[in-house]
Each structure stands twice: as C-alpha cells, then as structure tokens.
Amino acid sequence: MCSMTASERLSSNGEVNVEIYRVNKNASKDAAPELITMFSATSLGSAIQLISLRVIQDNRSLVAIMRNGDITTASLDDEMPVMEVQGSVDDGFLAASWSPDDSLLALVTGLNKLILMTSTYDVISEAPMETSDFGQDTPINVGWGSKQTQFHGSVGKAAAQASTSNVLIGSSPDEDNAPRISWRGDGAYFVVSSITTSGNLSHRVLRVYDHQAVLQSTSEPVPGLEHPLSWRPSGNLIASTQRFGFEGGGAGRTGRHDLVFFERNGLRHGEFELRPDQGLVPAVKTSALQWGYKVKEALWSSDSNVLALWIERDDASDLVQLWTIGNYHWYEQVKYLKQEIAAPSNSHFTSVEWHPEVVLQLILTTTCSSNYLHPVAQIFLRSYAWETISSQTEILLTPFRTQNVPPPMSSTQLALTIRTQDTSSLGGARKVMNPAKIGTWSGKDTEIRFRQIVLLASAGAVLSTMLVLGSSSESDIIMVAKFDREHFSESKTVVMPSSNGCLRVWEAADGELFKVDTNNHTITSLGRFSDYCFTAQHISSPIDVCVGLTGSGKLQICGQDTSCLSLATNANSFTMMGRLSKMPLINWEKRRVERGSKIVVCIPSAMSLVLQMPRGNLETINPRPLVLEVVRQDLDAGEYRKAFFACRKHRIDLNFLIEHNETAFLEGLSSFVEQVHEVVHLNLFLTTLGFGAHPPSISTISKISDALREELEQKDLKTYVNTILTAHVIKTPPDHESALSLLLRLKGAEPALVEDAVKYVIFLVDANKLFDTALGMYDFSLVLMVAQHSQKDPREYLPFLRELRAIDDKSYQKFKIDDYLKRHTSALKNLAQAGSRYFDEAVQYVERYSLYEVALSIWKGTDRYENTLMNIFFTRTFWWCTGDWLYERREFCQAAAVFVEAKRPQKAMVAYEKALEWQDLFELAVRHSELVSEEDVQAMAYRVSEDLVSKKRFAEAARLILDYTTDVRMAVITLVQGNEFSEALRITTLKRKLELVEDSRAQINEDLGEMKEQLRKQLNRIRELRVKKVEEPDEFYGVEDTALHNVDVMTDVSMAPTAFTRYTVAPSTAASKISKRSSRSKRKMERKVGSGRKGTVDEEEYLLRSVGKLVGRFSSTRGEGARLLPHLLKFTPDHREEGLAMQQELSEFEAELGAAIEEIWTVSIISSAPDDSWAARMEEAERQRRINPVERVAKPQIDGESGVGKDWKMKLFEL
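Numbering-wise, the sequence shown is residues 1 to 1215 according to full-length UniProt numbering.
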C-alpha cells in the first residue's frame, strides 16, 4: 500500500517547482520516499500553489490542479511519468474537489465562479456563486411554529415583532477567506463554503449543489462561521466551526468556539463546544492568532464515525482531535499531539487525510515525515463489568453488573487534575462508588511520551503491577512500576524493538507479538498476526494466545505454539468470557441485532451481554449459552430455585433441569421441592415435561412424576393436591383413574378442596374424557361431580345416568357402562357374571365383536363347559365360530388346531393344507380314512407338493411324492429343480431309474446363454450412455447450459419456440398445469422416477442394478453346476465330456462377467485447473447434484456367494 505526496519550492524566476513522491506504507522507518515526477508552474500569490493532488484509479493517472489555473495529468503506468497540461483557466483556481467515485470535478475560480467537469474535463456547468436565489429546495413558510406565532411571556408580542436586521453577521478573525468544497458520500450532492459580501460585513455562506451543479439550498446566516467544512459520507450532517464573542461573531462569551452542524437544506442541526482548557491554548501565546489557536480543517472518516479536527496553535505544535458521537453526545476519543507522531519541533502538519478505503486510518504528513495512525478501542472486563470513558478532566465509571447507565451519563465519576488519554481498571476491595487516589507516579525521563496504561493483579500478591507504554525518538519504552494502596515503588524500563505497539502483549506494526516479562524485564516472541490488529486481547490460559481484530474485520487467534488462525472475516467487535477450554460447538439459533452494533461488555455471572447501538444507546440481552452455563452451575451446586427461575425468566425449556443430570435430579428431588415449594411453579414444571425440542423419554417422565407425587403426598397431601393430580395426568398414557380415585378419597373429608381440584383437573384434561373415566369407575356421584363442573348440558347425560341407575343387577349395569365405553372385554366378563339368563346375549356379543378367545377363557372349567349336553352346545357355538374366525384371519395352524378340538377333521385338513403342514395333514387324512379315499390322498399329495415347490421346499415336496404316490420321476425332477443331485442320484439308484439324470445339464446351458445375451446387451448400452453423457450432457441430463446464463429473450407467446425457449419462457402457465395434476397422476410420475426407462437419466443406474442382479443369478447357477459336476464323473465318458464342457462354459462366462464389472465400476478422475468463473461455479454445483450412478450402486462381487467360493471347479476334468 502506498500514497502520493508533493512538495513545492519557489524558484528565482517566480515559478514554483512541484515534486511528487510515492510513499510506501510498509517500507522501513528510515526509507526515503520515491520521486516519480516533477514539473514547474507559474506562481500566483503567496499561498500554496498545489491545491489538489488526486490519483484516478480508473485510468491510473495522477491529476494535479494548480492555483494558476492549470490542470496537469500523468500516467502512472509509464516508467517515468511526465506531467502534461490538459487545460487551463485564466482566472486561476481557489478550490478543487473530486467526487468520491472520481467521475466529477468541482472547481472554484478566482472570480468566484463554480465549474463542474467530468473526469475527461468536459464542462457540465459554469456559473457564478454569488446569487440571491435560495435554490430549488426553497422552504414554504405557512406560519406554523414560527417565532411570530409563539407565546413570549412577559415581553409580549413586541418581542416577536422586533427586527433582527441589526444583528451583525461577520467572519472570524481566523478566517483564511479561501472557499471550501466537500462532497456527500454517494456523490449526489456537494457543498461549497465561500465568503459573500452581501450585508454589512463579509461572512461565510454554505451552498448545496446537486451533481449537475444546480443550486439546491443556501444556509441561513451564521455569525462567526469559519472555513472548516466536511460533509459526513452518510449524508446527514455538514460540519463546520463557529466563533463567538466579537463583532460579527456569534452571541456568546468571548473565546467560545463551537463545532456546528448543518443539514442538506441549510438549517442548523446541533453543535458542541471546543473548550480552551482542553489543551488547545498553548502556554506561550503570540500575536499571530487572537485566541492562540485555530481549527484549520475538519474531516470525516470514511465510515462516518469519527470527525477529525486539524488544529494549528501559536507555538507551532499542531494537533489532531478525533471526536465520536454516542447517544447524541460527542466524546473526544483520542488526542494526537505532535510529539506522539515524532514530528520535529516548531513544524506544522502539511496535510491531514482519512484513508478512503481503510476504515479509521488517518494519514498525517509534515515537512519531513508521513505517518499512518489508527485509533484503538479498549475493553475492560471485570467481575462487576466496569466500563470507563475518558471525558475531559474526569473518568466516567459504570458497573454494568449492577447498573445499565447509557452514556454520556455514568454511575460515578472520578475527577482528575489533568486530562487523561488512557485508563485501566483493577479489581479490589474498595467501595466501588467511592474511588480514591492512592498515589502519583511520574516518569523520570521527560523525553518519553507515555500513552497507555495496563494494571496487573496477582492472586495473593501484596503489590500490584502497572505497565506504562511510551515512545522515545527510536522505539517504544515500557515502564514497570509496583504499587500498593499507599505508594509506588521504584520503576524498571523495558526497551521494545520498534514503535507503535500496545500492552500487555506488545504488538509491532507488522503484527508480530512480544510478551513482556514484568519480573525479569525482558520480552519474548509470542507469534505473529497476518495483519496489524488494532484491537487485541491476551488470554492467560494454559498456553498464551492472543485474539485480534484487523481493520478489515478479520478476527484472528495466534500463540507461541499455534499458527495464526482466522476465526471470522466479517467481525466488528469481540469480547472474552470465562476460561479457554475445549468444548464441542453447538449450533445455537442466530439472533438478529441492529447493523453496526458493538459488544460493550459480557457479564457471565448476570447471564447478560451489553450491546451499544450505532445511535449510542445501550441494550442488554441474555444469550442462551450464557444462561445455560449459569443454570448448569446452579444445578451442580444444588441451587434448584435459582436454576428454575433462570429458566423461567429466560424461557429456557424446563426439561433442561432433568436433561442436565437425571440421576442427580432424582436424588435431589426432595431438595427441589423444598426450594421450589410454590404449587403454581411445581405445576408449571410438570406441565412442561414432554414438550420442547428435546423432551425426555416416556419412562423418564413417568419416573419423575411418580417420584415427585410420592414426595408431595408425604409432605402435604391437601396443599399439593393439584400438583399430585398434575403428576397423574401428564404421564403417557395419562392415569386419569388414579387422579379421580384421589378425589374420591378426599370427597368426604374435604368437599371444598375436592370441588376446586375437580375444576383444576377439568382445566388440564378434556372434560369428555374425564366424564368417561369417571363413568368407567362405576361411581355415579363422581360422574355427577365431573359433569356439573364441566358445564355439560344436563339434558345430555341425566337421562343416560337414570337409565343406568335403574338397572338392579350391578354386573349387568357394569356391562352396559363398559359397552358404552367400548371396553368389550370387560363388558363380556361383567355380562358372564350377570348369570345364565344373559348367556344368549353373551353369545351374540361374542360373535358381534369376535371375542372367542376371551369367551373360552371365561367359560372354560365352568359347569356349562363340563356338562356334556352343554359341551356340545358350547362347542357348536364357540369352537366352530372360533375356528372360522381364525381361518378368515389366515391363521391356518391355529384354526386347524381349533377344528381338531371341535371334531371337524375335514375343515382341519383344509386348514393344514393351506398352512403347508403336510405331516399333520396326511396324519389326519390317514387317521380318518373313512372320510378320505386313496385317490384323494394322492391328489392331495400332488397339490401340496406343488405348493411346496413354489416355496422352494424341494426336498419336502420330493419326500411327499415318494411317500404318498408312486411317481419316482416326479420326485427326481423335484430334487433336480432344488439342486439336490446327491439325493436325486440316490433315489434313481434305489428305484433303478438311472436314465432320469441324463437331461439335467441342459437347463444350466440354457441359463448361461440367457445371461450371456443380457450381459452383452447391457454392457454395450452402458458404453453408449457414458459416451453420450460426455459429448451431450445437456441432452442427457436435461439441465441448463451455464454458457447461456445471460441470454435475454422476450417471453412473448406469439414468438416461435427456439433453442433458448426452455430457458426464457414465462412460468405463469406451467405452474397452473402442474397444479392441475391429480394425486393419481402424481403417484404415476413418482413410479416413473428411477424406473430405468430408455432415454431417461435414470437408465444407467437401472442397468447397473440389473448387472448386480445378474451376478447373483450367475452365482446361483454356478452353485448348481458345482453340485452337478461330481455326479457327472460317475457316469459314462459322454457324461464326463458334458461335465468338462459345462465347467469350461461357466469359467468363460465368469471371466467375461468379471471383466465387465471392472469396466463398469471404474470411475475416471479428470483433473483440471480450478476456474473461479460464474460458469465454473454453476457447473460445480450441478456436478455435485448429478452423482455418478457408480457411487450409488455398490460394486457386486462374484466370489463367495451362494456358499461357493473360488475353488468350485472339479480338477479331475482338467487332467
């Protein structure tokens, strides 16, 4: 980074020689600036001749505007730039200013004409500035709020009618009479401050113009208005200065000096006073300046946050004050004296400028040096969260732990005898609201200029340590002084490598860090930031690390044993809290704050974070991590009340009280009840269980509620009756009966308490559910109590209750209640207890709701079951119905057993046949030979064998055929189908049927042929698709070409469709068409996705899965062949030849299949240089979306499947 600076010398012939230098910011301190060009110009007057020097970035040119009217330029791309005159104005120039984007140039000529040019020096406007016209924004006075309409008290209307024309409006004695031009940050307007002669005295007037040089507004007359002028880049304020207490000046005391602000419409907008006691007036005054100093320029920083005042004093010690605004109060943030920037004695600043891009970087030049400065903000964190603000000759103190007082107010003030530039705080035992002086320390070396203080405290140490950072002519100096509550001890000196550092860890200008050893008075290297961090903090953890924030917003961390790491790239402030430890990061929700907010202080003990808004007001928030950390600490310490109310106040899920440590919470449940003893709070805790983002499990909720209920029942049942009821109803499923039982138990002793409790339960539970629960408890008084307090209509439930109470038989009454509540099992039991007269109704009830198993359990072992006649009736009534019911539910085995018990063998055999329980089936058939003939048995055997074959139970099917038929051929065929060749060979040998094995090899040959044809077709198609995917990706995937992202075509329905239509067609009708699809068509479309239809993007994945299935099929066929090969050796030589041929065919296809798999599942990796273009980024995003099917489909393995490994071949065939 570099800047341009110029110097001028007056020659003997009356011309001025201008030399332009390039100053490298990163060069060493002793490096000389580089001369890039020089030129001569005619001198006009004794003032500075070079009034503007600007680098135009668009064409990389240097533009110099001279007072004599010359505009000269030079190209910075030339090896030796030469200044050339682009144009000249005979009247000369008094002021010049470029717009922020370098597109416009505003000039004021010697005849007070305003000229506006473009960057190519074409004149847009030229007009005189002196005019009586206010401008286009002339205000309209309707009389509302004017002085004439106001109440004037005792002076009456005469005060309103008094003339103000006799007020003298003049200029300041410090006036330099030169015009000033300042642009707004967006370049839409600029303001010109110039001397006007209208009136009795000459005075300053501000005129605002737009970017066409059209006058917009003129400021109201301001007596004593001075020449400094700066328009805030954000656009809301125009800054200048005003003098008081002289003829033509403002009405006020002599010596008063204000910084005043104007709006774009020319009206005043506030001011504040510059006090002479701030060090502006030098000790020795000369006659050059009336008040001993003057404000030479005012300049806003590029971010509109800091206003710089360039002040010239009598003793030639110029200074710059930096002012910031907070909560509508102006603070002097930093004061830079000449000694602090190492300027030679008796010299002035030659220029003061803010860097246009680097925020808050101030560039100061003198006749012999150039300095880059950056104001540093410091944050102090203590247990009481003290924050300090230096204001004039006092320090404003506020403990944010206990109070939140917004500036400019404070909790207390510490008065100082002299002005301060830096403060530091140290925790102690004194009263925080009554600070007192403990001593004075003075630097011995008067040549050292001190600028920063750091206080250090050690646990248990008697003496505290103070570090004072200062600057000498060569480097920074750190003074180390020990002190107690009474006095300071002798100080030691530590010399740093260079200057411009900060304490306690000293940071050099290049970002290198050094740790200061206060005991040995030495320094050690601690690492290096990538850039200089204007805000940095040191962390004393197990390892020394530093966190810093650069001017560009990079938040970095580095240490002695760690390299520099970037934590964030867009930070504007940070704060430190707690100890540094390794903890897993949690994705907390983000919380929006106002743009430009800054962290003032973090108070972990108060679970709060104080933010300062851009306007200056303070806001306190409670981030969830801070709240949870404090809640954890309270839970670990057994402070359940504090933890509960913290969660309640900050809306933290109360489930966290259990989730933190469930075992400890259960053990300390009695302490929890003692501390949180309010009924309403216990009810709140119970009702929140099971809700939230991370609710406990159902078993945990039941465990907590039962334990809390037992604790409260032992403590005080009557007081906590509502909480106990809550514990019953929050469980899953809710225990409503237990809750109502409790009410029933208390009804006689505490009727008023029960009435309130019923109302509370009805508030928690649906009244209809509670009514049904009470009805199911068979207590009509409880039912009536619930019904009355639930505001149910008596016409709805009274007739029903009267009907139930009219039933004399209690069992039958309970049956009616259970039937109404659809509790069929309980209803059947109550109906059975009602007696034999309801038996027929019970039978109908069983058949209606299929309660056969319940009926068997109820009546089995009774007299009705044991009685022979009744047993027949019972069997006919229940067993048959039960068997049919099980058969309809396809529980064939259970149905067959019931039918056997019911003496219905034919139905049992049908059920056994459906269940494929062929052993029980044929045992029952042979046992009941009178019901099943021999032919029926054989037919049954063929049917069951076919079903067994369909279920791949070949051995059982063959066994069945051999046992119950004489069809040996069918049995052998069945065994061969199941690859049971050994058993098939045994049967053929046993039955003397050796010719049955000769045709088994043909099926394997046919299967191999089909697999070869399928593999070759699919492999060729995969090759075609992969070629198409590379050559024509748009057609293959059906996606947009990134090269066509900027095609602009009108969406006109009358235009013929083109190749670009699918990228530019309006989407209005497409949405309506899609919305008209029915659910049936949507399901049809979903089935098409991934179906592998030819020509679709899913075809390749479908083919890969098909090849995988082919591998499984081949493995099965190879296994069949492997089991057949040993048997082919036992037959004739022809059989041996067939076995050899089959083994060769299997081997060849295995090799072909393996080669195809390797070809298909080989992913090609194409490496190319990274491209950061838009098209490349879009292609990368599309490439991530289109995952290769090879990555989605697992690569199949041929070996090791179907129980057959690599050694499946018969070696005898190869001999």
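For every residue, glycine included, the Cβ atom is placed at its ideal position computed from N, Cα and C. These figures come from a predicted structure and were not determined experimentally.
Exercise. For residue 70, which residues does DSSP report across the bridge?
Worked result: 88
Problem set entry | Three-state secondary structure assigned by DSSP to residue 270 | strand
For this session: Could you check what DSSP says for residue 2 in three-state terms: helix, strand or coil?
Result: In the three-state reduction of the DSSP assignment, residue 2 falls in the strand class, which pools E and B.
Exercise. Are the Cβ atoms of residue 207 and residue 171 separated by less than 8 Å?
Worked result: no
Exercise. If you run the structure through DSSP and keep just helix, strand and coil, what is residue 685?
Worked result: Residue 685 falls in the helix class under three-state DSSP.
Problem set entry | Residues near residue 1197 in its chain [Cβ-Cβ closer than 8 Å; skip 5 each side] | 1111
Exercise. Relative to the alpha-carbon of residue 634, which residue among 621, 235, 606 and 614 has its alpha-carbon at the smallest distance?
Worked result: With distances taken between Cα atoms, residue 634 lies closest to 606.
For this session: Identify the continuous beta strand (DSSP E) that holds residue 312 and give its terminal residues.
Result: 306-313
For this session: Label residue 733 either buried or exposed according to how many other C-beta atoms from any shown protein chain fall within 10 Å of its C-beta, with 16 as the threshold for buried.
Result: Exposed, since its Cβ has fewer than 16 Cβ neighbours within 10 Å.
For this session: Check whether the stretch 816-827 touches the stretch 789-799, counting contact only when three or more Cβ pairs, one atom from each stretch, lie closer than 8 Å.
Result: no
Problem set entry | Rounded straight-line distance, which links the Cα of residue 100 to that of residue 3 | 17 Å
Exercise. Are the beta-carbon atoms belonging to residue 39 and residue 83 less than 8 Å from one another?
Worked result: yes
Problem set entry | Whole-angstrom distance between residue 229 and residue 236, CA atom to CA atom | The alpha-carbon atoms of residue 236 and residue 229 are separated by roughly 14 Å.
Problem set entry | residue 553 beta carbon less than 8 Å from that of residue 570 | yes
For this session: May I ask you to report which of helix, strand or coil DSSP gives residue 738?
Result: helix
Problem set entry | Between the CA atoms of residue 95 and residue 1237 - distance to the nearest angstrom | With the chain covering only 1 through 1215, there is no way to say anything about residue 1237.
Exercise. Just the Cα atoms here: how many angstroms apart are residue 705 and residue 896?
Worked result: 48 Å
For this session: Indicate the three-state DSSP secondary structure (helix, strand or coil) for residue 564 in the structure shown.
Result: coil
Exercise. When we look at the beta-carbon of residue 912 and count the other beta-carbons within 10 Å, is it buried (16 or more) or exposed?
Worked result: buried
For this session: Would you mind listing the alpha helix (DSSP H) stretches within the stretch 768-849 that are 4+ residues and don't spill past its ends, in chain order?
Result: 780-789, 794-805, 810-820, 824-833 and 839-849
Exercise. Roughly how far, in whole angstroms, is the beta-carbon of residue 1271 from the beta-carbon of residue 726, given that I think they are within contact range, below 8 Å?
Worked result: The structure shown has nothing for residue 1271, since the chain only spans 1 to 1215.
For this session: Could you have a look at residue 96 and say whether DSSP puts it in helix, strand or coil?
Result: Three-state result, residue 96: strand.
For this session: Answer with buried or exposed for residue 1162, where buried requires no fewer than 16 other C-beta atoms within 10 angstroms of its C-beta.
Result: When all chains shown are included, residue 1162 counts as exposed.
Exercise. Do the stretch 708-724 and the stretch 661-676 make contact, defined as three or more Cβ pairs closer than 8 Å?
Worked result: yes
Problem set entry | 8 Å contact criterion, which residue 886 and residue 909 should meet: CB distance rounded | Between residue 909 and residue 886 the Cβ distance is about 15 Å, and since that is not below 8 Å, they are no contact.
For this session: Answer with buried or exposed for residue 121, where buried requires no fewer than 16 other C-beta atoms within 10 angstroms of its C-beta.
Result: exposed
For this session: Select from 787, 858 and 240 the residue whose C-alpha is nearest the C-alpha of residue 771.
Result: 787
Problem set entry | Test item: CB-CB of residue 1149 and residue 1008 under 8 Å | The beta carbons of residue 1149 and residue 1008 sit closer together than 8 Å.
Exercise. DSSP three-state call for residue 12: helix, strand or coil?
Worked result: Residue 12: coil per DSSP, three-state reduction.
Exercise. Just curious, the alpha helix (DSSP H) that residue 728 is in, first and last residue?
Worked result: 721-729
Exercise. Taking the DSSP output, what are the residues bridged to residue 244?
Worked result: 250
Problem set entry | Candidates 638, 179, 713 and 226: closest to residue 662 by CA position | 638
Exercise. What is the C-beta distance between residue 984 and residue 968, in whole angstroms, given that I count them as a contact (C-beta under 8 Å)?
Worked result: Residue 984 to residue 968, Cβ: 10 Å. No contact.
Problem set entry | Distance CB(residue 658)-CB(residue 623) smaller than 8 Å | no
Exercise. Whose C-beta lies closer than 6 Å to the C-beta of residue 523 among residues of the same chain, with five residues either side of it excluded?
Worked result: 514 and 516
Exercise. Going by beta carbon distance, what residues of the same chain come within less than 7 Å of residue 778, once the five residues before and after it are set aside?
Worked result: 814 and 817
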